[in-house]
Structure formats: structure tokens, C-alpha cells
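>
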Amino acid sequence: DQRRLMVETRALYDWTSSGQSGSPRVLVMHHPTSWFKPWAQQELDALIDSRFDLVLCGHIHEADAYAVRRSSDGPVRVVA
35 DQRRLMVETR ALYDWTSSGQ SGSPRVLVMH HPTSWFKPWA QQELDALIDS RFDLVLCGHI
95 HEADAYAVRR SSDGPVRVVA
């Protein structure tokens, strides 16, 4: 499945547009965005960076978890 997955982001945009402002937004994903087709990865990364505070994902089959913050005001991504 790596580099072959796609995602329909319209529902995520709709969901993040509604709801309480100021509440932390957490996205839980089975695969990290690096597993998606390039266009889907780019779209999902842009959505995550602009609308989520924490992203939890796994499926890379490594023993250690790591956290990544791509910018000082961007979300924290935890990959396990």
C-alpha cells in the first residue's frame, strides 16, 4: 500500500470547519502521510498543518515512536 493510498479530504475540511473554536483538534491515522500518493500526501499535509494540533499515526513497524513538529506553530505528529 505504500505510496498508493488516497484520501477524500472534503469530509475533513467540513468537520474541521464546524465545531468549537479553540478546542484542540486531534487526528488519528493508521498510516503516516508518507504512505499516500504524492498528491494526497500534499493535500493531507496542508490540511493537517492548518487545522490540527496533534496527529497520531503508526504502521511503520519500528519499535520506537518519534514526534515531529515541522514549524513552531504547526501540529505535533507522533508516529509509532
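Letter 63 of the sequence shown, counting from 1, is numbered 97 in this note's numbering, and no numbers are missing.
Note that beta-carbon positions come from the ideal geometry of N, C-alpha and C, so glycine has one too.
Residues in its own chain within less than 7 Å of Leu46 by CB, not counting five upstream and five downstream?
The sequence position of residue 46 within the sequence shown is 12, counting from 1. Excluding residues within five positions, the ones whose Cβ falls inside 7 Å are Leu81.
> Which value, in whole angstroms, describes the spacing of the CA atoms of Glu52 and Val41?
The residue you call residue 52 lines up with position 18 of the sequence shown. The residue you call residue 41 lines up with position 7 of the sequence shown. In the sequence as displayed, the identity of residue 52 is Ser instead of Glu. Whole-angstrom Cα-Cα distance: 20 Å.
> Quick one, are the C-beta atoms of Leu39 and Phe70 less than 7 Å apart?
Looking up residue 39 in the sequence shown gives position 5. Looking up residue 70 in the sequence shown gives position 36. Yes, they are a contact pair.
> Consult DSSP for Arg186 and reduce its assignment to one of helix, strand or coil.
Only positions 35 to 114 of the chain appear in this structure, which leaves residue 186 out of reach.
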